[in-house]
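Okay, structure first, notes after.
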Amino acid sequence: MSEDFYDVLGVSRDASKDEIKNAYRKKAAKYHPDVSDEDDAQEKFKKIQKAKEVLTDDEKRQMYDQVGHDRFKQAQKHGAGGGGQSRGNPFGGGGNPFGGMGGGGGFEDLFNNLFNGGRGQQRNRPQQGRDVAQRISIDLEDAYHGVERDVTIRRREVCPECDGAGHPDDADVNTCSECGGSGQQTTVQQTPFGRVQQATTCRACGGDGETYSEDCSECRGSGRVRRTRDVTISIPAGFRDGQRLRYRGEGEPGENGGPNGDLFVEVSVRDHDEFVREGDDLHYTHPISFPQAVFGSTVEVPTLDGDEELKVPAGTQSGSTFTVSGAGMPHLDGRGSGDLHVEVHVVTPEDLNKEQREALKKFAEAGGEEVKEGLFQKLKNSL
Numbered sequence: 001m002s003e004d005f006y007d008v009l010g011v012s013r014d015a016s017k018d019e020i021k022n023a024y025r026k027k028a029a030k031y032h033p034d035v036s037d038e039d040d041a042q043e044k045f046k047k048i049q050k051a052k053e054v055l056t057d058d059e060k061r062q063m064y065d066q067v068g069h070d071r072f073k074q075a076q077k078h079g080a081g082g083g084g085q086s087r088g089n090p091f092g093g094g095g096n097p098f099g100g101m102g103g104g105g106g107f108e109d110l111f112n113n114l115f116n117g118g119r120g121q122q123r124n125r126p127q128q129g130r131d132v133a134q135r136i137s138i139d140l141e142d143a144y145h146g147v148e149r150d151v152t153i154r155r156r157e158v159c160p161e162c163d164g165a166g167h168p169d170d171a172d173v174n175t176c177s178e179c180g181g182s183g184q185q186t187t188v189q190q191t192p193f194g195r196v197q198q199a200t201t202c203r204a205c206g207g208d209g210e211t212y213s214e215d216c217s218e219c220r221g222s223g224r225v226r227r228t229r230d231v232t233i234s235i236p237a238g239f240r241d242g243q244r245l246r247y248r249g250e251g252e253p254g255e256n257g258g259p260n261g262d263l264f265v266e267v268s269v270r271d272h273d274e275f276v277r278e279g280d281d282l283h284y285t286h287p288i289s290f291p292q293a294v295f296g297s298t299v300e301v302p303t304l305d306g307d308e309e310l311k312v313p314a315g316t317q318s319g320s321t322f323t324v325s326g327a328g329m330p331h332l333d334g335r336g337s338g339d340l341h342v343e344v345h346v347v348t349p350e351d352l353n354k355e356q357r358e359a360l361k362k363f364a365e366a367g368g369e370e371v372k373e374g375l376f377q378k379l380k381n382s383l
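In terms of full-length UniProt numbering, the sequence shown is residues 1 to 383.
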């Protein structure tokens with residue numbers, strides 16, 4: 001069994017969390033040591049559990065996708081993601097809801113030590129901004145036709161007062177007393193490979209090597225301010241519940257000339273009063289009368305794009321299902337649509353007039369049934 005977590009579970013790299021959980025249940029049922037006769041069942045079961053643990057955790061999965069299987073395993077082995085780390089990022093980074101690399105953190109520092117020979121961070125290197133997450137809900141009709149929505153996001157932006165500098169233009173410039181103008185501070189860290197000397201960005205000056213006599217009154221020296229912004233998003237026809245849209249560059253601004261982060265929008269599709277969605281197919285229950293079931297009929301059934309005619313053949317039984325091809329949800333790739341499955345239920349009449357009662361009596365007698373009090377209840381039960 002391959003070590004790659006996606007291969008272990010037999011899912012694609014863009015599989016949803018539900019697909020991953022379903023794959024885990026099937027694999028676990030097959031390889032559980034209590035039920036499997038394979039010699040290596042216990043080892044396979046452990047790999048399946050580990051794969052599910054990582055791939056169902058948004059933050060761990062994002063990091064796993066970014067650094068790859070081998071580096072992820074090494075980082076966990078040497079302590080990244082252990083206890084005492086920030087809850088926002090399981091590897092000690094910032095609170096990115098989608099696990100983006102903006103802002104760095106303990107995991108990145110560990111990689112500098114393990115894989116870069118203990119070299120310090122490059123001074124003032126460009127860093128991508130943090131990602132921004134947003135969740136919205138739409139109706140099934142919106143998912144059928146496709147829709148545009150305006151969403152309001154709150155993010156950090158470059159301070160308009162100081163243009164991101166963090167200080168007024170006329171502020172006095174001083175050499176940083178913490179790092180002596182180098183922009184870096186040297187620390188010694190004990191790692192599994194021995195003592196490693198590491199140069200990190202000076203916290204006092206942010207790597208600039210300089211400090212200023214006055215901070216910007218708007219951003220208080222950070223160079224960033226929090227602002228709200230409306231973004232128009234386009235949800236394509238056929239979108240499914242829980243899928244995400246990605247808008248590159250709509251996240252927070254990067255540092256030192258780095259690119260902006262991204263905006264991720266998770267879409268929730270609300271349940272419909274009449275239709276039940278299953279993949280790209282829709283299911284609908286339609287009532288018909290007893291005569292329609294006996295003699296056959298053409299009925300109109302609703303769809304998300306108007307009414308459609310459905311032919312009900314003579315002798316149809318209650319619970320029978322018919323298919324209206326192409327009347328389901330459009331495929332997300334734009335090629336065709338799913339189907340509408342209509343289950344018909346024969347409705348038993350409750351109040352009959354005299355003529356209807358006489359007609360049903362004749363119907364029963366013609367079939368050899370003795371008409372007694374309670375016949376109509378029997379007819380109800382038979383339907």
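Every residue gets a Cβ at the ideal spot worked out from N, C-alpha and C, and that includes glycine.
- Sorted by chain position, which residues of the same chain lie with C-beta nearer than 6 Å to Pro253's C-beta, five sequence neighbours on each side aside? Here residue 253 refers to the residue found at position 253 when the sequence shown is read from its first residue. So the list reads Gly129, Val158 and Asn260, once near-sequence residues are dropped.
- Item | Close-in-space but distant-in-sequence residues of the same chain around Val240 (CB under 6 Å, 5 per side omitted) | Numbered from 1 along the sequence shown, position 240 holds the residue referred to as residue 240. Going by the sequence as given, residue 240 is Arg instead of Val. Correct list: empty, nothing qualifies.
- Query: Under 8 Å between the Cβ atoms of residue 392 and Gly251?
  - Reply: The chain is shown from 1 up to 383; residue 392 falls before or after that span and cannot be answered.
- Message: Give me the residue from Thr186, Thr200, Thr211 and Gly68 with the minimum Cα distance to Ala171.
- Response: Here residue 171 corresponds to residue number 171 of the sequence shown, with the count starting at 1. Among Thr186, Thr200, Thr211 and Gly68, the Cα nearest to that of Ala171 is on Thr211.
- For the region 146-158 and the region 229-238, state whether three or more C-beta atom pairs, one from each stretch, are separated by less than 8 Å. yes
- Query: Where Asn284 and Pro302 are concerned, what is the direct C-alpha to C-alpha distance, given to the nearest angstrom?
  - Reply: Within the sequence shown, numbered from 1, the residue matching residue 284 stands at position 284. Within the sequence shown, numbered from 1, the residue matching residue 302 stands at position 302. It should be noted that the sequence gives Tyr, not Asn, for residue 284. Going by the C-alpha atoms only, they are around 9 Å apart.
- Query: Distance, Cα to Cα, Gln185 vs Arg125?
  - Reply: By 1-based counting over the sequence shown, the position of residue 185 is 185. By 1-based counting over the sequence shown, the position of residue 125 is 125. In a straight line, the C-alpha of Gln185 is about 15 Å away from that of Arg125.
- Item | Check whether Ala28 and Phe45 have beta carbons under 8 Å apart | Locating residue 28 in the sequence shown gives position 28, counting from the first residue. Locating residue 45 in the sequence shown gives position 45, counting from the first residue. For Ala28 and Phe45, yes; Cβs fall inside 8 Å.
- Please check the pair Cys216 and Glu161, which I expect to be a contact at CB under 8 Å, by giving their CB distance rounded to whole angstroms. Taking the first residue of the sequence shown as position 1, residue 216 is located at position 216. Taking the first residue of the sequence shown as position 1, residue 161 is located at position 161. Their Cβ separation, rounded to whole angstroms, is 6 Å, which keeps Cys216 and Glu161 in contact under 8 Å.
- Task: Can you tell me which of Thr200, Cys205 and Lys17 puts its alpha carbon nearest to the alpha carbon of Glu178?
- Result: Residue numbering aside, residue 178 sits at position 178 when the sequence shown is read from its first letter. Taking only the C-alpha atoms, the option nearest Glu178 is Cys205.
- Query: Leaving out the 5 sequence neighbours to the left and right, which residues in its chain are closer than 7 Å to Ser16 when beta-carbon positions are compared?
  - Reply: Position 16 of the sequence shown, counted from the first residue, corresponds to residue 16. Closer than 7 Å at Cβ, skipping near neighbours: Gly242.
- Query: Contact between the region 322-342 and the region 262-281: three or more CB pairs below 8 Å?
  - Reply: yes
- Query: Start and end of the alpha helix (DSSP H) containing Phe290?
  - Reply: To locate residue 290, count along the sequence shown from 1; it is residue 290. Unbroken alpha helix (DSSP H) run through Phe290: Phe290 to Phe295.
- Where Val54 sits in the DSSP three-state scheme: Sequence index remark: in the sequence shown, residue 54 carries index 54 (1-based). Residue state, collapsed to three classes: helix.
- List in chain order: all unbroken beta strand (DSSP E) runs of 3+ residues lying wholly within the region 309-350. 321-324 and 340-347
- Item | Asp18: first and last residue of the uninterrupted beta strand (DSSP E) it sits in | Sequence index remark: in the sequence shown, residue 18 carries index 18 (1-based). Not the beta strand (DSSP E): Asp18 falls in the alpha helix (DSSP H), residues Lys17 to Tyr31.
- Go ahead and label Lys26 buried or exposed: buried means 16 or more other beta carbons lie within 10 angstroms of its beta carbon, across all protein chains shown. Indexing the sequence shown from 1 puts residue 26 at position 26. Lys26 comes out exposed.
- Task: Grab the span of the alpha helix (DSSP H) containing Asp7 for me, first residue to last.
- Result: By one-based count along the sequence shown, residue 7 stands at place 7. Note, Asp7: alpha helix (DSSP H), Phe5 to Leu9.
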